[in-house]
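Residue numbers (the numbering used here), protein chains in the order written: chain P, 32 to 179; chain G, 428 to 586; chain B, 165 to 316; chain E, 265 to 641. Even for Gly, the Cβ is constructed at its ideal location relative to N, Cα and C. This structure is a prediction, so every number in the text was calculated from the model and none was measured.
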Amino acid sequence: MEIHNRDQTKRELLKDFPGEVHEVGSTNIVVTAMDSIINWSHANSLWPLTIGTSCYAIEMMATGASRHDWERFGTEVARSAPRQADLIVIAGTIVNKMALVLKRLYDQIADSKYVIAMGACAISRGPFYYNTYSVVNGADHVNPVQTA
Amino acid sequence: MKAIVKYISSIFSALKTLFKGMAVTGHYISHPKEIITQQYPENRETLKMFDMFRGEVVLTHSESNEHRCTGCSACEVACPNGTIEIINKRIEMPDGKKKKVIDKFVYHLSMCTFCNLCILSCPTDAIKMSQDFEHAVFDRSQLTKVLNKPASKLMEGVR
Amino acid sequence: MEQEQLKERILSVVPEAEFEITGGYMNATVPSAKLHDLAKNLRESEDTLFDYLFCLTGVDWPDHMTVVYHLKSTTHGHNVVLKAKIDSRENPEIDTVSDIWQTAEFHEREVFDLFGIIFRNHPDLRRIFLDDDWVGYPLRKDYVDKVNIIEL
Amino acid sequence: MAETATNTNTGKPLETQEYFINMGPQHPSTHGVLRLMLTLEGETIHNVEPHLGYIHRSIEKMCEKDTYAQIIHLTDRMDYLSSHMNNEAVSLAVEQGLEVEMPERVKVIRTIISELTRLSSHQLWWGVFGMDLGAITSFLYGFRDREMIIDIFEETCGARLTMNYNVPGGLMFDIHPNFQKRTKAFVEHFRQKLPEYDQLLTGNVIFEMRTKGIGILSKEDAISFGVTGPTGRASGFSNDVRKHNPYSAYPQVEFNEVLREEGDSYARYKVRIQEMWESMSIIEQLIENIPEGDYKVKTKAVIKLPKGEYYQKVETARGEFGVYIISEGGKSPYRLKFRSPGFSNLSALNHMAKGVKIADLVVIMSTLDLVIPDIDR
Numbered sequence: 032m033e034i035h036n037r038d039q040t041k042r043e044l045l046k047d048f049p050g051e052v053h054e055v056g057s058t059n060i061v062v063t064a065m066d067s068i069i070n071w072s073h074a075n076s077l078w079p080l081t082i083g084t085s086c087y088a089i090e091m092m093a094t095g096a097s098r099h100d101w102e103r104f105g106t107e108v109a110r111s112a113p114r115q116a117d118l119i120v121i122a123g124t125i126v127n128k129m130a131l132v133l134k135r136l137y138d139q140i141a142d143s144k145y146v147i148a149m150g151a152c153a154i155s156r157g158p159f160y161y162n163t164y165s166v167v168n169g170a171d172h173v174n175p176v177q178t179a
Numbered sequence: 428m429k430a431i432v433k434y435i436s437s438i439f440s441a442l443k444t445l446f447k448g449m450a451v452t453g454h455y456i457s458h459p460k461e462i463i464t465q466q467y468p469e470n471r472e473t474l475k476m477f478d479m480f481r482g483e484v485v486l487t488h489s490e491s492n493e494h495r496c497t498g499c500s501a502c503e504v505a506c507p508n509g510t511i512e513i514i515n516k517r518i519e520m521p522d523g524k525k526k527k528v529i530d531k532f533v534y535h536l537s538m539c540t541f542c543n544l545c546i547l548s549c550p551t552d553a554i555k556m557s558q559d560f561e562h563a564v565f566d567r568s569q570l571t572k573v574l575n576k577p578a579s580k581l582m583e584g585v586r
Numbered sequence: 165m166e167q168e169q170l171k172e173r174i175l176s177v178v179p180e181a182e183f184e185i186t187g188g189y190m191n192a193t194v195p196s197a198k199l200h201d202l203a204k205n206l207r208e209s210e211d212t213l214f215d216y217l218f219c220l221t222g223v224d225w226p227d228h229m230t231v232v233y234h235l236k237s238t239t240h241g242h243n244v245v246l247k248a249k250i251d252s253r254e255n256p257e258i259d260t261v262s263d264i265w266q267t268a269e270f271h272e273r274e275v276f277d278l279f280g281i282i283f284r285n286h287p288d289l290r291r292i293f294l295d296d297d298w299v300g301y302p303l304r305k306d307y308v309d310k311v312n313i314i315e316l
Numbered sequence: 265m266a267e268t269a270t271n272t273n274t275g276k277p278l279e280t281q282e283y284f285i286n287m288g289p290q291h292p293s294t295h296g297v298l299r300l301m302l303t304l305e306g307e308t309i310h311n312v313e314p315h316l317g318y319i320h321r322s323i324e325k326m327c328e329k330d331t332y333a334q335i336i337h338l339t340d341r342m343d344y345l346s347s348h349m350n351n352e353a354v355s356l357a358v359e360q361g362l363e364v365e366m367p368e369r370v371k372v373i374r375t376i377i378s379e380l381t382r383l384s385s386h387q388l389w390w391g392v393f394g395m396d397l398g399a400i401t402s403f404l405y406g407f408r409d410r411e412m413i414i415d416i417f418e419e420t421c422g423a424r425l426t427m428n429y430n431v432p433g434g435l436m437f438d439i440h441p442n443f444q445k446r447t448k449a450f451v452e453h454f455r456q457k458l459p460e461y462d463q464l465l466t467g468n469v470i471f472e473m474r475t476k477g478i479g480i481l482s483k484e485d486a487i488s489f490g491v492t493g494p495t496g497r498a499s500g501f502s503n504d505v506r507k508h509n510p511y512s513a514y515p516q517v518e519f520n521e522v523l524r525e526e527g528d529s530y531a532r533y534k535v536r537i538q539e540m541w542e543s544m545s546i547i548e549q550l551i552e553n554i555p556e557g558d559y560k561v562k563t564k565a566v567i568k569l570p571k572g573e574y575y576q577k578v579e580t581a582r583g584e585f586g587v588y589i590i591s592e593g594g595k596s597p598y599r600l601k602f603r604s605p606g607f608s609n610l611s612a613l614n615h616m617a618k619g620v621k622i623a624d625l626v627v628i629m630s631t632l633d634l635v636i637p638d639i640d641r
């Protein structure tokens, strides 16, 4: 996937936005109907699936807690059931035994779904690259990863 | 009769403990200064990490595009998981002698655990940890970096 | 109990025991066949009363295997390390101590999983970490895995 | 117990059947990737069978190839909530083999950071415990105070969680000039905030009903299962390594080993809350006078441990953590075994959970304070 610059990303995000955005100085004014903007924000808020296997899970919890608080971005609740989620944050090492479970969880999520691999272990084994007999060589060997 | 009194008193004690807890929450609603949530990314300009923060390994370059890495591979040996690969080449010096310099200082950020052993092992203080923390990319191959800048040279006097 | 007394105590149960002091603990190496009796004796006698097994380790040596038991008495406060020497590396077998210390049930399953030491009379001897169809015992020194292990 | 239900047509008692249910590995309150096979009759648990290995990363095998300095960064990733204490265990074992004595400064700093780590671990546990019971508020409060400790770590050694601050032979860096100021400010802050924890949860009727008398573990069973740490101490098993085998600066400080007799979930909760007070008192005793001196002793670049066996135990936030090193004289150990507290604590789960309802299992698991990578290694 190619990397967009900031303006491109903004335009793409606003492609299906129901209403007009007028830029006034450093802020924006939006002209739209209340119902349509509520529906739009429902459709565009990502609900992550908590699949924390190791150390990264704590950092992910810290992201959701009081200091960093990802609910500011509409990541309202972390769900534990794949049916209700649309984003997997793979936070932690994936070993061979867990890979089957991860694959099943990925398949159970409804389209459209996104995957974020968080941390060295999930991206490419990290510290468990050499001399280990049970770790999967990067989570993208199990399912496609959109962001690492 | 006793059971009814017990039942009703338990309701009241439950309500009491409930309000006790709610009072703590209420305190923070009325004291917004004690809220600690950071407004990232709006505060990106003012946000400063601690000096010691281990963000990623960087090879320091001077203004005249010179670095201090001699290519001794001490960091490559010290790294527990093969994050650093140093590829050396031989170049001919003006006086006809052949000299070993680094060709590529390859750094796999995707494997780095920021354990700091490479920094400690470096005899010439060529590498250090930067405070950069925004590393998210769309593909893991972009996390493999070459740290020495193009056409950079070894600093004079470092051996 | 002092180390000398303990030594005599163990010798009275297992005469062929060998002793060594390393790492601050007294180590007693005994043949694997005698281990269960000795452990039961040390656990139940009033003067020793080793009721707390805090570590159970399997070790793979070139020609034999050992299972190491770190014991402590919570009433007397003394420690001892028992090492059961298993002569065969092909078919290592030893009696379980899970009837003496309940925690051994999990620890022995771990040793079985990673070293392939079979604990006789164990209530539930299965692999604990790896899949049931895993071939080989990965913590043995001669374990080779061409697929998963990338040698540095 | 209710009377057995009867079939209305035949009048015979209905046959009940045991059935199995899978809890985990993807489950919010298993705190990781623990899988439990529950044998149930109705809602009553008959048997709990833990299935492990969903995060078994073969750390012990990897240690056989690494040097002693490199092992430290792996121990961070086992019990990541008490990573500093894990590092300390390996460092102390190697120092025991090298027969070097640490300067007083190193001992004191190690102890302070250990206690800060214990506090942060207990705070996180408190937050997550509330969440397991259905109270999300505690999660936010626990993490709020934890972030202050994390800031201290970040300023001192540059990492938040996997610190890698201890190295064989001392510390990786000297402490930051702000360290004492920040730590004192934190202790002062937390002395005011800890009573809030009690207000939010401890006295609450629902909370007490869900924890009192649930998952009772007797002292004999605790010893037999090797259940250590706050879990074991709540059953009256006196096992604090800081008291029984003191290491670092623990001989110099005065603190109480928190013991309770009940052995139920509420006792385990209270022990941890009380331990937070004790930890703060330890920090306060040491923080004023950190002795001057070196922050590490000089060791060889690649440490070779003399042939022999070394066992070192430390008290982590979860219990007794042991490192057993067998060295053949090389630069990496011949065999390295980690005695993880969680593994032994988990072995008692089946015993504790027999006969309770399925919702209580979550409470029991939560008060055991399991960290799965610590169990699986």
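Own chain partners of residue i with C-beta closer than 8 Å, once the 5 adjacent residues on each side are dropped
i, result
"G317 of chain E", "D640"
"N492 of chain G", "K576, A578, S579 and K580"
Integer-rounded CB distance, given that residue j should sit under 8 Å from residue i
i, j, result
"K247 of chain B", "V261 of chain B", "Contact flag wrong, Cβ pair sits at about 13 Å."
"L570 of chain G", "L536 of chain G", "4 Å"
"I154 of chain P", "R567 of chain G", "5 Å"
"Y405 of chain E", "H234 of chain B", "About 40 Å; that fails the 8 Å criterion."
"R410 of chain E", "L425 of chain E", "Not really, about 11 Å apart at Cβ, beyond 8 Å."
Under 7 Å from the C-beta of residue i: neighbouring residues of chain G
i, result
"V469 of chain E", "S437, S440, A441 and T444"
"A653 of chain E", "In this structure chain E extends from 265 to 641, so residue 653 of chain E is not present and cannot be described."
is_contact[residue i, chain E] using C-beta, thresh 8 Å
i, result
"E182 of chain B", "no"
"T221 of chain B", "yes"
"I554 of chain G", "no"
"I463 of chain G", "yes"
"T487 of chain G", "no"
Residue-level contact to chain G via CB, residue i, 8 Å cutoff
i, result
"P421 of chain E", "According to the sequence as given, residue 421 of chain E is Cys; it is not Pro. True, the Cβ-Cβ gap to chain G drops below 8 Å."
"R110 of chain P", "no"
"S57 of chain P", "no"
Interface residues of chain E facing residue i [CB-CB closer than 9 Å]
i, result
"T551 of chain G", "Under the 9 Å cutoff, chain E gives no residues; its nearest Cβ is about 15 Å from T551 of chain G."
"K447 of chain G", "Q463, L464, G467 and N468"
Listed by chain order, chain E residues near residue i by CB distance under 7 Å
i, result
"T267 of chain B", "S488, F489, G490, S608 and S611"
"N162 of chain P", "K325, M326 and K329"
"C542 of chain G", "H337 and N428"
Cβ neighbours of residue i in the same chain (closer than 6 Å, five flanking residues each side left out)
i, result
"L632 of chain E", "T495 and N609"
"M436 of chain E", "Y429"
Cutoff 8 Å: residue i Cβ touching any chain P Cβ
i, result
"E315 of chain B", "yes"
"D338 of chain B", "Lying outside 165 to 316, the shown extent of chain B, residue 338 of chain B is not represented and no answer is given."
"F417 of chain E", "no"
"V297 of chain E", "yes"
"P507 of chain G", "yes"
Own chain residues within Cβ distance below 7 Å of residue i, not counting five before or after
i, result
"H271 of chain B", "L220"
"M540 of chain E", "L383, H386 and L458"
"V573 of chain G", "K531, F532 and V533"
Neighbour flag for residue i against chain B, beta carbons, 8 Å
i, result
"E217 of chain E", "Shown here, chain E extends from 265 to 641; a query on residue 217 of chain E therefore has no answer."
"S85 of chain P", "no"
"D504 of chain E", "no"
Where residue i meets chain B, residues with beta-carbon distance less than 9 Å
i, result
"K457 of chain E", "None at all; the shortest Cβ gap to chain B is about 35 Å."
Partners in chain P for residue i, counting only beta-carbon separations shorter than 8 Å
i, result
"D295 of chain B", "N127 and K128"
"P256 of chain B", "The contacting residues do not exist; P256 of chain B stays about 20 Å from chain P at best."
Closer than 7 Å at the beta carbon, the chain P residues around residue i
i, result
"C539 of chain G", "A151"
Proximal residues of chain E, C-beta to C-beta of residue i below 8 Å
i, result
"L474 of chain G", "Within 8 Å Cβ-Cβ: nothing; L474 of chain G doesn't reach chain E, min ~13 Å."
Report task. Select from the region 581-609 of chain E all residues with a C-beta closer than 9 Å to any C-beta belonging to chain P, and list them in chain order. Result -> For the region 581-609 of chain E, the set of positions with a beta-carbon nearer than 9 Å to some beta-carbon of chain P is empty.
Report task. For the region 419-446 of chain E, enumerate the residues whose C-beta is nearer than 8 Å to any C-beta of chain P, in chain order. Result -> R424, L425 and T426
Report task. Can you give me, in chain order, the residues of the region 308-331 of chain E that have a beta carbon less than 8 Å from any beta carbon in chain B? Result -> L316, G317, H320, S322, E324, K325 and K329
Query - chain P contacts from the region 391-403 of chain E (Cβ-Cβ distance under 7 Å) - result: Those would be F403, in chain order.
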